[in-house]
Amino acid sequence: MINQTLRTTHMSSLKEWTKEKSWRDDILPDCLRSIAVAASRLPTGHDCLYAHLCRFRIVDSPACSLCCSDVAMNADHLPVCSSLTKNCIYSRY
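Going by UniProt numbering, the sequence shown opens with residue 1, and the numbers climb by one from there.
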């Protein structure tokens with residue numbers, strides 16, 4: 001009860017303090033967060049695809065696990081990957 005009251009009060013205060021900030025509504029307002037995150041991570045290579053994870057030794061191989069080929073799974077491979085049927089690479093990210 002007290003925790004909820006504090007959280008509500010804090011959020012109200014935060015909204016009040018930031019309501020006139022210019023950056024508040026400029027951060028991709030019409031875009032879903034998941035799409036915005038994927039759109040910024042894929043071109044930079046900071047994604048969860050095997051080519052990136054292999055550099056940190058999280059996975060053993062950078063090869064695409066979706067189509068079982070020896071091609072590195074990165075943003076360049078996703079549009080041509082045989083197992084992805086949709087045209088939009090962000091929907092599978």
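Idealized CB from N, CA, C, for every residue including glycine.
Residue i - partner residues in DSSP beta bridges
i: alanine 63; result: Ala72
Close Cβ partners of residue i (< 7 Å) along its chain, the five nearest in sequence each way excluded
i: valine 59; result: Tyr50 and Leu53
i: threonine 44; result: none
Where the alpha helix (DSSP H) containing residue i begins and where it ends
i: valine 37; result: 33–44
i: lysine 15; result: 2–18
i: cysteine 54; result: 50–55
Beta-carbon spacing of residue i, residue j below 8 Å
i: arginine 41; j: aspartate 47; result: yes
i: cysteine 67; j: cysteine 81; result: yes
Contacts around residue i, its chain only, beta-carbon distance under 8 Å, and the 5 residues preceding and following it disregarded
i: serine 61; result: Tyr50 and Cys54
i: alanine 63; result: Tyr50, Ser69, Asp70, Val71, Ala72 and Met73
The segment 68–83 in contact with the segment 42–58 per 3-pair CB rule at 8 Å: yes
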